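K.L.:
Chains as they are written, first to last, in this note's numbering: chain W, 1 to 634; chain C, 1 to 228; chain E, 1 to 223; chain Y, 1 to 260.
Ideal Cβ positions, reconstructed from N, Cα and C, are used throughout, including at glycine.
A quick note: this is a predicted structure, and the numbers were derived from the prediction, not measured.
Sharing a structure here in structure tokens format.
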Amino acid sequence: MTTTQSASAPLLEDTILEPKAGGLYRHQHAGTGLLVGIALGFIGWLLSTSFLQSNESFGSDMTTTVTMVSWVIGFNIGVGSFNAPIRWLLGHDQTHHDELYAAGVGQGWKRYFKFCTDHKVVGTQYLVLVMVLFGVGGTLAMMIRTQLLSPHSTFLSPETYNSIVSIHGMVMIIATIIMVSGPFANFVMPIMIGAKDMAFPRLNALSFWTVVSAVPCLLATFFLGGVPAGWTTYAPLSAQAPIAMDAFAITIITFVVSVTVAGINTVVTILTMRAKGMTFGRLPIFTWGSMIGGALGLYAMPAFLIAQSALITDRVTGTSFFVAAQGGTGWLYENMFWIMGHPEVYVILIPPVAAVLEITTVFARKPLFASKVAIGGMVGIAGLSIMVWAHHMFTTGWAPNLGGPFMLTTELISIPTGIIFLCLIGTLWRGQIWTRLPMFFVYLFLWNFIIGGVTGIYLSDLPADQYFHGNMFVTAHFHYTLLGGAMIGAAAAVCFWFPKMTTRMLNERVGKVSFWMIAIGIQITYYGQFLEGFEGMPRRVANYDPQFLHANLISSAGAYLLMAGWVVMAYNIVSSWRSGEMAGANPWGSKTLEWQVPTPVPLENFLVEPIVVADAYGYGETPQTSTQLGEGHR
Amino acid sequence: MKKFAWAASALILAAVLLGAVGLGFSAQTYQPPAGVVIARDLGRTILHGKSYHHVSLDLSTYPDSSGVQPDGKPIHPGGNPSWPAYGPSNLFQVPANSYVTMTIKQYDSGEPLNNPWFATVAGTVDGTATIDGKRVHQISADHIGHTFTMRGLPGVGSKFFLNVPLPPLPEPLVANDAKHPRIITFSFISGPKGRYVWNCEFPCGQSVAGFGGAMSAYGFMSGYVNVV
Amino acid sequence: MTLIDEQHGASATGGHHESVEDRDLKERIALWLFIAGDGVFFLLQVFSWFYLKGLNVHGMWRGAACSVSAACTLGDGSDLTHIVPKAASWHSLTVAGLVILSAACIWQAEVRARKEQNRGETVAWVSLGLVTLIAGIAVLCLQFTALPFKTISGTYASVFIFFMGSVIAHLCLTLFIGLAVWNRLRRGSANLKWQLQLRLARVWWVWVAFSGAVLALVSTYFA
Amino acid sequence: MERPSTAHIVRGILLLTAIMTAIGVALGILLPNHIMPRQMSADSHAAVMTVIVFSVAAAPVAALVYAVGLYSLLRWRHKGAEQPTIDGAPIRGNNAVTTTWLIVSTVLVIFVLGWGLTFLSSAATPHADPLEVNVIGQQWAWSFQYPGTGVESSKLVLPVNREVHFHVSSKDVTHGFWPQELGIQIDANALQSSSISTTPDKLGSFSVRCSQLCGLYHAYMQTKGEVLSQKNFAAWLQANGASASSASRVAVVAQGRAHS
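Structure (structure tokens):
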């Protein structure tokens, strides 16, 4: 139904709220979250030290766990995550004005520091958080590369080095999981499908603030003795680790909550909140990517949850899931971990890949090539990815006879992945290649992801894997896919949607400088690491045989250039955000819905309910000006 | 152009921040108060008709790293009472290809090894060590205080491997200042120039397999030997 | 842009008109997705049980460990002192029974609500369901105190206690939902949506009863 | 903008593809032998061969993708920063192309899989009279036992042209037993023995490194190995405390049972 309301109706954000609208929310923001979190954390620490410390073997682990859990709960109480559930329990449902307040009406910039249910605010919050996390992860990466500048370097002690390696890994994994599904699946996706918000706005805010509460636990590990076990935290090594490991586990458990609610939210939104006429056939590819990624996360994360819960019970209560002396086995952890681990790689990859396809259609001014096949490809990747986990365990000896089957499933994945490339080059074919900044990153994605894919085939085959497993070749391979592929796809997405999210254009010239630094940096860095791998340097070593020196020098040099590139890009984002030239509603002449709404996007996005009459890829078919909108929309 | 100037300054700022963080992490490395202990020069000695530069090193293994050594110096500042530690330092320096005589005073108690093999003396001159005056090639794997196990970093002295088991004190006598510590003496020919690593292979830490705690924290039962 | 009419109660950011049925559809899909995720967690618990039992590393599936795991040394098997006794089966089975019972009550309540729109009877059935649920939790806590082994007594003990922990967690979440539904029905604040919410609660309740029962059977008959 | 004939475009793209394939194949054939360690067993040879063959097989595919990307840049690039005034050709798909693509990639996958399975089966074939070696990992050192001789060593010494069965286990956490030049790798798991076997076919020394992060001194958990002639191997066993009889019994392949 199209409302006949005139468009000059007052915007929702101009509603005059009742004086007490929002209730407790009025007094809650990140600051109170911090206060309550610290307070509760301190109380938890006090109680546990006084009552549990007596237990010699587990006392300190109990204390750490209790403290971290109290902090997480306290922070979420303070920021307002639990207001609505409690009110629901008590039967005092939020009124319309309460919800408008929660959506940020009448709070200006302050709403970015509150438990805000507006999907655009959450998306922006995510964007900033992701940039901060990448800053942290990148800093740690620089520590690693600096240590490896000389074979027997003493810059870091092996202890510090190992924990830096672990935390670099985990920070980057968390950041890459949320780097597209956070900012863009939240800000852009609902508008793309013609929705007014996500299906569960409060869960949306919850998913963000839980990550925020988890990050301090992760960084606290540096002050609790460090996590020496790598981001995989293989047991029993992680069962042996200092109390920092408990903080790590709490981080993961909290993060699992975040990804789960975010995944549910995304899937439900796309299934139920599409505008009139937005059939599945007309759904833009990026929304497909978000949905598949979200659904896959729902499958993957519980495995991580049980792995880390079992680990923490081993450490805190002395159970023995992973301690061989008491009947446990590391194989159990490794299975649980990789049942999560491999799907999780595609939770990271699929949304950016979909974003890249989306962007390609706009800058090639062409319909997406074989869009149904592309969707099939992504579904195929997701489906296969849950059957391949044991290829990470070819050399663990847990089940020698499963080598064949898992080789099969693993190599099958290269078929749907190949389809993605077909759709990409098919879309470029005979296009009008408009080489603006996002397109630069699309081409870089194309280049890197091929390399990442091909090197993956070596690893999927046993004879080569017996040599490459656990060596720098693997490191280079997954950095080419996750950084060179996924992160570059996310960079393209940032450049593409920046005008819509911030109302300003990203500076093109500075952007191109950062692009070339990043592009060249990646090639040098990981060429060096491939070389280390071929020559036989193991992963995660603080010192190495001088025979690997030249390869490490290459890699470190490239890494510095790469980091510099990201810094320039970050600077560009910040400065353009503050003072970039204003962008119109649709600077790229795109046909997807998010570009048809005014910029800045009003609360609830659409002044008039849209009616969709075509998919967003009618380039060259419908005239330039027209969009996928029907006459219902101005 | 102005934008690029700002970008450059952003880069400089980032570099400064990275440097600061780097220094912070670097400062986390444990620095023993005694610094690098340099082996004492004892002139030259003849072994199998070959003349070697002769040096000696004196170490001790204490049950309580938070305590002090007989000379009153702290063993391991900020150490944990239930964690053992080597003293006076965890960093040593010996000349290359020379005859090194090491004397270790063992003040700690003992238990069985994870891997009985480390109860065997390996890599010393004629494969023996002298424990309280008796020359032995092997001691009981069920009663080990600590071990002193040393080898080269990757690419250094690949032929060099040294392992000497240290017998325990009986439980009641254990103390940082026990009157009669077990005294273990042994000699070995140091390898070529380079950086070597030493550690204890006896599970004297906490947690799984006794290799957590002191064993996994750099500076207690682990360190480096610079061969110059 | 039509603003919301208050009868329709909670809606997303409030601004848009959302029918109770739309809301219910979203919540139902979300619930099933959540159950799917929880199902993975559940399957992995069962997997750990049989994997550890099958591997029986170091003969410690039901072999008692040394007093504190921190002191455990590897290799010689000297930690193996005696065989861990099985936990009494009646606790687990009673808990399972009670949870199934409470699920049945909620089911009844939902039927009452849908068929007869009878708020009074519905509240009664929900209350009954809550009571049985709380009884189940009580028995579970009792079982914790009555276990013939400790957390450090090998893998059988480990997984057994882990099962109990996960069941407790699920029951507490269910209790929260149950209390909310009960309270809202009582106060009448679950206006138009009350039997729809009840239906959601029922779905979750049945899943918890099913998974809990399976865990109880596994840990009782496959020790 | 002029629309060149498809044939014309295809010719251009194929040319680019051919050039890049040539480069890829050349690198794929030349580099691995050059930068990977000395091959001292059939397994390490298989590893290098796999890299070479897969590189050659993957080169055309990668080259094609790159070629289309490059060609589209060179030929269809829209000059200038402002939005193109005309759109690209409204091509929504091409079943023939898609099908061909699918068939080709499936064929490649089958080939790659077959390659791996053949290796698996060849690795499974048993040999007569293998040498048994127990590999023991612990934080942070390797030790190697030679059952029947009482010899235990920190170096891994092996006879040439004789199959070796490694029984790999760990005393504490998970380690990765990785004798690089022998091209095999398997984890050492606490209290669990895993087996792997290989047949060294060249004399000389190789490095054994730990491939699983195992804590503080993971980086230093490495040692040297050496492949000796069977005579020297027996001598080495004796020099390390084996009795003459046990040394010869274990070290020397019994008459007639020797292979290659």
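Does the Cβ of residue 376 (chain W) have 16 or more other Cβ atoms within 10 Å, making it buried, or fewer, making it exposed?
P.N.:
By the 10 Å Cβ count, residue 376 (chain W) comes out exposed.
K.L.:
Mind checking residue 8 (chain Y): buried by the 16 CB within 10 Å criterion, or exposed?
P.N.:
Label assigned to residue 8 (chain Y): exposed.
K.L.:
Taking DSSP as the reference, what is the three-state secondary structure of residue 110 (chain W)?
P.N.:
In this structure, residue 110 (chain W) counts as helix in the three-state DSSP scheme.
K.L.:
Considering only DSSP beta bridges, list what residue 198 (chain C) is partnered with.
P.N.:
In DSSP, residue 198 (chain C) forms a bridge with C:150, C:223.
K.L.:
Whose C-beta lies closer than 6 Å to the C-beta of residue 201 (chain C) among residues of the same chain, with five residues either side of it excluded?
P.N.:
Answer for residue 201 (chain C): 118, 147, 149, listed in chain order.
K.L.:
May I have the straight-line CA-CA distance separating residue 67 (chain E) from residue 111 (chain E), to the nearest angstrom?
P.N.:
Interpretation of residue 67 (chain E) is limited by its pLDDT of 42, a score under 50 that renders its predicted location unreliable; the figure taken from the coordinates is listed afterwards. Distance between the alpha carbons of residue 67 (chain E) and residue 111 (chain E): 53 Å.
K.L.:
Closest by CA to residue 91 (chain E), which one among E:148, E:39, E:129, E:53?
P.N.:
When each option's Cα is compared against that of residue 91 (chain E), the closest is E:148.
K.L.:
So who's on the other strand from residue 228 (chain C), going by DSSP bridges?
P.N.:
In DSSP, residue 228 (chain C) forms no bridge with anything.
K.L.:
With a cut-off of 8 Å, does the C-beta of residue 89 (chain C) fall near any C-beta of chain Y?
P.N.:
By this cut-off, residue 89 (chain C) is not an interface position.
K.L.:
In chain order, what residues of the same chain have a beta carbon less than 7 Å from the beta carbon of residue 70 (chain E), not counting five sequence neighbours either side?
P.N.:
With a pLDDT of 38 at residue 70 (chain E), under the threshold of 50, the modelled position of that residue is not reliable, and no figure is offered here.
K.L.:
If you run the structure through DSSP and keep just helix, strand and coil, what is residue 28 (chain W)?
P.N.:
Looking at residue 28 (chain W) - three-state DSSP - the assignment turns out to be coil, as it is neither helix nor strand.
K.L.:
For a contact defined as C-beta to C-beta under 9 Å, what are the partners of residue 544 (chain W) on chain D?
P.N.:
You won't find chain D in this structure, because its protein chains are W, C, E and Y.
K.L.:
Of the residues C:228, C:223, C:125, C:219, which one's Cα is nearest the Cα of residue 80 (chain C)?
P.N.:
When each option's Cα is compared against that of residue 80 (chain C), the closest is C:219.
K.L.:
Pull up the distance between the alpha-carbon of residue 12 (chain W) and that of residue 181 (chain W), whole angstroms please.
P.N.:
Answer to the nearest angstrom: the Cα atoms are 26 Å apart.
K.L.:
Note down, in chain order, every chain W residue with its Cβ under 7 Å from the Cβ of residue 62 (chain Y).
P.N.:
Residues of chain W passing the Cβ test: 450, 454.
K.L.:
With 16 as the cutoff for other CB atoms within 10 Å, does residue 463 (chain W) come out buried or exposed?
P.N.:
With 16 or more Cβ atoms within 10 Å of its Cβ, residue 463 (chain W) is classed as buried.
K.L.:
Assign residue 86 (chain Y) to buried or exposed, taking buried as 16 or more other Cβ atoms, counted over all protein chains shown, within 10 Å of its Cβ.
P.N.:
So residue 86 (chain Y) counts as exposed.
K.L.:
Examine the Cβ distances between the region 157-171 of chain Y and the region 226-240 of chain Y and report whether three or more of them are shorter than 8 Å.
P.N.:
The region 157-171 of chain Y, when compared against the region 226-240 of chain Y, does touch it at the 8 Å Cβ threshold.
K.L.:
Using a Cβ-Cβ cut-off of 6 Å (strictly less than) and excluding sequence neighbours within five positions of residue 615 (chain W), which residues of its own chain qualify?
P.N.:
So the list reads 282, once near-sequence residues are dropped.
K.L.:
Listed in chain order, which residues of the region 403-417 of chain W have Cβ atoms closer than 7 Å to some Cβ of chain Y?
P.N.:
Hits within the stretch, in order: 403, 404, 407, 408, 411, 412, 414, 415.
K.L.:
Taking the continuous beta strand (DSSP E) assigned at residue 167 (chain Y), which residues delimit it?
P.N.:
164-170 is the span of the beta strand (DSSP E), which, as asked, contains residue 167 (chain Y).
K.L.:
When you compare the CB positions of residue 327 (chain W) and residue 60 (chain E), do they come within less than 8 Å of one another, or not?
P.N.:
It is a contact, given that the beta carbons lie within the stated cut-off.
K.L.:
Residue 216 (chain C): which of W:222, W:221, W:228, W:210 sits nearest, CA to CA?
P.N.:
For the residues W:222, W:221, W:228, W:210, the minimum Cα distance to residue 216 (chain C) belongs to W:228.
K.L.:
So, residue 186 (chain Y) versus residue 168 (chain Y), is the Cβ gap smaller than 8 Å?
P.N.:
Yes, the Cβ-Cβ distance between residue 186 (chain Y) and residue 168 (chain Y) is below 8 Å.
K.L.:
From residue 14 (chain W) to residue 605 (chain W), what does the alpha carbon distance come to, in whole angstroms?
P.N.:
Cα to Cα, residue 14 (chain W) sits roughly 14 Å from residue 605 (chain W).
K.L.:
Return the residues of the region 20-40 of chain Y that lie within a Cβ-Cβ distance of less than 8 Å from chain W, sorted by chain order.
P.N.:
So the list reads 31, 32, 35, 36, 37, given in the order they occur along the chain.
K.L.:
Are any of the Cβ atoms in chain Y nearer than 8 Å to that of residue 591 (chain W)?
P.N.:
By this cut-off, residue 591 (chain W) is not an interface position.
K.L.:
In three-state terms, what does DSSP make of residue 88 (chain E)?
P.N.:
Residue state, collapsed to three classes: coil.
K.L.:
Since residue 68 (chain C) sits in a beta bridge, which residues does DSSP pair it with?
P.N.:
Answer is C:74, bridged to residue 68 (chain C).
K.L.:
For residue 53 (chain W), count the other beta carbons within 10 Å of its own beta carbon; 16 or more makes it buried, fewer makes it exposed. Which is it?
P.N.:
Flag for residue 53 (chain W) reads exposed.
K.L.:
With C-beta atoms as the reference, is residue 337 (chain W) less than 8 Å away from residue 232 (chain W)?
P.N.:
Yes. Within cutoff.
K.L.:
What does residue 144 (chain Y) pair with, by DSSP beta-bridge criteria?
P.N.:
For residue 144 (chain Y), which the question treats as bridged, DSSP gives the partners Y:135, Y:153.
K.L.:
So residue 262 (chain Y) and residue 165 (chain Y) are supposed to be a Cβ contact under 8 Å. How far apart are they, rounded?
P.N.:
This structure leaves residue 262 (chain Y) out entirely; chain Y is present only between 1 and 260.
K.L.:
Taking the alpha helix (DSSP H) that residue 187 (chain C) falls in, what are its first and last residues?
P.N.:
Not the alpha helix (DSSP H): residue 187 (chain C) falls in the beta strand (DSSP E), residues 182-189.
K.L.:
What's the call for residue 5 (chain C), buried or exposed, on a 16-neighbour Cβ count within 10 Å?
P.N.:
So residue 5 (chain C) counts as exposed.
K.L.:
Under 8 Å, do residue 239 (chain W) and residue 332 (chain W) count as touching if we go by C-beta distance?
P.N.:
Result no, Cβ atoms of residue 239 (chain W) and residue 332 (chain W) do not sit closer than 8 Å.
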